[in-house]
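K.L.:
Please see the structure below; I have some questions.
There are 2 protein chains.
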Amino acid sequence: MIIDCHGHYTTAPAEVEAWRKLQVEALANPSQAPQKAALRISDDQIRESLEGAQLKLQRERGTDLTIFSPRAASMAHHIGDAQVSRVWSEICNELVHRCCVLYPDNFVGVCQLPQSPGVPPATCIAELERCVKEFGFVGCNLNPDPSGGHWKEPPLTDRWWYPLYENMVELEVPAMVHVSTSCNPAFHTTGAHYLNADTTAFMQFLTSDLFKDFPTLKFVIPHGGGAAPYHWGRFRGLAQDMKRPPLQELLLNNVFFDTCVYHRPGIELLLKVVPVDNILFASEMVGAVRGIDPETGYHYDDTLRYVNSIEWLSEADRNKIFEDNARKVYPRLERD
Amino acid sequence: MIIDCHGHYTTAPAEVEAWRKLQVEALANPSQAPQKAALRISDDQIRESLEGAQLKLQRERGTDLTIFSPRAASMAHHIGDAQVSRVWSEICNELVHRCCVLYPDNFVGVCQLPQSPGVPPATCIAELERCVKEFGFVGCNLNPDPSGGHWKEPPLTDRWWYPLYENMVELEVPAMVHVSTSCNPAFHTTGAHYLNADTTAFMQFLTSDLFKDFPTLKFVIPHGGGAAPYHWGRFRGLAQDMKRPPLQELLLNNVFFDTCVYHRPGIELLLKVVPVDNILFASEMVGAVRGIDPETGYHYDDTLRYVNSIEWLSEADRNKIFEDNARKVYPRLERD
């Protein structure tokens, strides 16, 4: 079985964006904000939005189950206040839930959290609990920078985040560290901000004792861990210079990387330097890069091809990356 | 000949830091600021600061010439105003110049620019000209984020920077894109901010037509290009999705990467995916990582070993990385 731990509902019907537009337009005048019930989307619309995209690609590529969450770039926690973020997150999570109900063999949900800049993360607990307990979701996406590129929140290792972590541990759900749209002109969203956030989070974890406080807390750092595996020697050396324990002991019981790296040499590096127990298969499709690589003739984000092309990877290790590690990191995934 | 294009004067005598401390303490009361002349350092002190460090490592490792600049983390352009930055930059550049005069075979200078948050980069031209014309420096370090981790400056591709670029082109000097200390608690300076800045700059270049306006302008992106080579497929795909030209045509006449990647797999990836004409040898020593890698028994930053261990690299390509590319990017380097 092949589990793709990183897919977003990037193909939602246009009505969703239109509803969001009304919500944003009403920011200055909340009484004009649209009601949740005003968004009406049929099951057929949802089927149609998935059949030609995520489901088609699952079938073509031969993956089975996608751990599926709302579109990351649309979370935009910097827009409006906590109430705006709460309603928008509920809508996005409910849509993902409907995808999972319609295609229970193909999708399992991960939720967007109703974060808002400067607002304590504890306010996200209710929505996380709803998604896990009522919808059967298996994780959440945690945004280390709800400001959208201005990085005003304390590091992920600060006690600011602890109430949410306590809840995650209790629920046995991991978080994927995932920022949203950058509204800072310095950072391109998918080409810089996403990767920077991955690297930033990894270094925050490296310099802290967070996992002494939460030995079972788990994070997936997406996009192949940002710059971390490419600079693995730098990070090993920085930890050593700081008299920290080796990376394995310091954070590899708690921090995992996905395989969203869109060329074979990058995947090979990831598999060479990061222990196989810490790598989860993922493609981020339909996502940041949608084209076909002229050098291979296949989609850039068809990461299964890259993993399968690594001839020195044993069958047992391949199964860890494709399935076993995901079941370990997301214990709420049910065995079929 | 082996040219190391990325070395900083991280071992300056303690008097320099003490002078800077006085300068910072006088920020609220500029009349108390120390005079430049109050900093007295003898040639012997400078020799001593280099002999046991950069020069020793050059000899031990077998490199010849280091393109040498002030300590990057100390630039701290966010401290004080443009006048404070100007005086501090002059001091740092003059010290590097003295290193180069004392050891003309071992060091050639690159200057720190007197940048200051929100202050037009054109104000840096006088110091750049002084360093190039009077001291024989061959390049500059350009900080894309003089705010120190708050990223308030326009992207490097904005016309905001053009007057400086015009001067660089006229002088035939490249810039290394190099941030300084992060004062944003989200970003560890050497473990996150440096790498993020590299990735950010690469993506800024990728999305702009800067090099149509300045066909001969050249940048070195340090630390192996941040996350760029590891995600080369992602960047190729993003450019393609945006209908931009292929990376080669779009920016590889103007953008170069150094080899400050502290493990063999990272260096091998860099050499595999980035054209050899765009790679310049560098170690960043004495710099961010100072320890010995227990996996190899050698210093993490002894990058020459990694490059030399890549058995499939031809002698001609090795010479490009060690010398020829540096002479192309830094045309003011004189042939001995």
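So the protein sequences, as listed, match chains A and B.
2 is the number of the first residue of the first sequence in this note's numbering; add one for each residue after it.
2 is the number of the first residue of the second sequence in this note's numbering; add one for each residue after it.
Using N, Cα and C, we set each Cβ at its ideal position, and we do this for glycine too.
Quick check: B:Ala27 and B:Thr182, are their CB atoms within less than 9 Å of each other?
P.N.:
For B:Ala27 and B:Thr182, no; Cβs fall outside 9 Å.
K.L.:
How many Å lie between A:Gly119 and A:Glu154 at the Cα?
P.N.:
Distance between the alpha carbons of A:Gly119 and A:Glu154 is about 7 Å.
K.L.:
Tell me the DSSP secondary structure of B:Gln113 in three-state form.
P.N.:
Correct three-state label for B:Gln113: strand.
K.L.:
Determine whether the beta carbon atoms of A:Tyr263 and A:Asp325 lie at a separation below 9 Å.
P.N.:
No. Outside cutoff.
K.L.:
Taking the Cβ atom as the reference point for each residue, do A:His224 and A:Glu285 lie within a distance shorter than 9 Å?
P.N.:
Yes, these two residues count as a Cβ contact at 9 Å.
K.L.:
In the DSSP output, what is B:Leu281 paired with across the bridge?
P.N.:
In DSSP, B:Leu281 forms a bridge with B:Asp259.
K.L.:
Starting from A:Met177, follow its DSSP beta bridges and name the residues at the other end.
P.N.:
Per DSSP, A:Asn142 and A:Val221.
K.L.:
Is DSSP giving A:Tyr166 helix, strand or coil here?
P.N.:
Three-state DSSP puts A:Tyr166 in a helix.
K.L.:
Three-state secondary structure (DSSP) at B:Asp337?
P.N.:
Note that B:Asp337 has pLDDT 47, beneath the 50 cutoff, so the model's placement of it is unreliable and no number is given.
K.L.:
Pull up the distance between the alpha-carbon of A:Tyr231 and that of A:Val17, whole angstroms please.
P.N.:
Computed Cα separation, rounded: 38 Å.
K.L.:
Taking any Cβ of chain A, which residues in the segment 226-247 of chain B have a Cβ under 8 Å from it, in chain order?
P.N.:
Within the segment 226-247 of chain B, the qualifying residues are Gly227, Ala228, Pro230, Tyr231, His232, Trp233, Gly234, Arg235, Phe236, Arg237, Gly238, Leu239, Gln241 and Asp242.
K.L.:
Decide if A:Gln24 is buried, meaning its Cβ has at least 16 other Cβ atoms within 10 Å, or exposed.
P.N.:
Result: buried.
K.L.:
What does a CB cutoff of less than 7 Å around A:Ile80 pick up in its chain, not counting 5 residues either side in sequence?
P.N.:
Excluding sequence neighbours, A:Ile80 sits near Val25.
K.L.:
Starting from B:Leu310, follow the alpha helix (DSSP H) in both directions and report where the run begins and ends.
P.N.:
The sequence shown places Ser at residue 310 of chain B, rather than the Leu named in the question. Where B:Ser310 is concerned, the enclosing alpha helix (DSSP H) stretches over Thr304 to Ser310.
K.L.:
Using DSSP with H/G/I as helix, E/B as strand and the rest coil, what is A:Pro122?
P.N.:
It is helical.
K.L.:
Let me know if B:Ile293 comes out buried or exposed under the rule of 16 or more other beta-carbons within 10 Å of its beta-carbon.
P.N.:
Classification of B:Ile293: exposed, given that the 10 Å Cβ count is below 16.
K.L.:
Is the Cβ-Cβ distance between A:Thr191 and A:Gly53 less than 9 Å?
P.N.:
No, the Cβ-Cβ distance between A:Thr191 and A:Gly53 is not below 9 Å.
K.L.:
Can you look up B:Ser209 in the DSSP assignment and give me helix, strand or coil?
P.N.:
Correct three-state label for B:Ser209: coil.
K.L.:
Considering only the alpha carbon of each residue, which of A:Asp82, A:Gly63 and A:Glu49 lies closest to A:Pro31?
P.N.:
Comparing Cα-Cα distances from A:Pro31 to each of A:Asp82, A:Gly63 and A:Glu49, the minimum goes to A:Asp82.
K.L.:
Taking the alpha-carbon positions, what's the B:Leu172 to B:Asp199 distance?
P.N.:
Roughly 24 Å between the two C-alpha positions.
K.L.:
Going along chain B, which residues have a C-beta under 7 Å from A:Thr201?
P.N.:
The contacting residues are Ala187, Phe188, Ala193 and Asn197.
K.L.:
What residues from the segment 53-79 of chain A come within 9 Å of chain B, judged by C-beta to C-beta, listed N to C?
P.N.:
So nothing in the stretch comes that close.
K.L.:
Taking C-beta pairs closer than 8 Å, name the residues in chain B that A:Lys22 reaches, listed in chain order.
P.N.:
Per Cβ cutoff of 8 Å: no residues; A:Lys22 is ~24 Å from chain B at best.
K.L.:
Report yes if the C-beta distance between B:His189 and A:Thr208 is below 9 Å; otherwise report no.
P.N.:
Cβ atoms of B:His189 and A:Thr208: closer than 9 Å.
K.L.:
Based on the DSSP secondary-structure assignment, which residues constitute the bridge partners of A:Tyr301?
P.N.:
Looking at the DSSP assignment, A:Tyr301 forms no beta bridge with any residue, so it has no partner.
K.L.:
Examine chain B for any beta-carbon lying closer than 9 Å to the beta-carbon of A:Gln205, and answer yes or no.
P.N.:
So yes, A:Gln205 belongs to the interface.
K.L.:
Can you have a look at A:Gly140 and say buried or exposed, based on whether 16 or more other CB atoms are within 10 angstroms of its CB?
P.N.:
Looking at its Cβ environment, which holds 16 or more other Cβ atoms inside 10 Å, A:Gly140 is buried.
K.L.:
Under three-state DSSP, which class holds B:Leu157?
P.N.:
Note: B:Leu157 maps to coil in three-state DSSP.
K.L.:
For A:Tyr10, list the residues DSSP reports as bridge partners.
P.N.:
A:Pro71.
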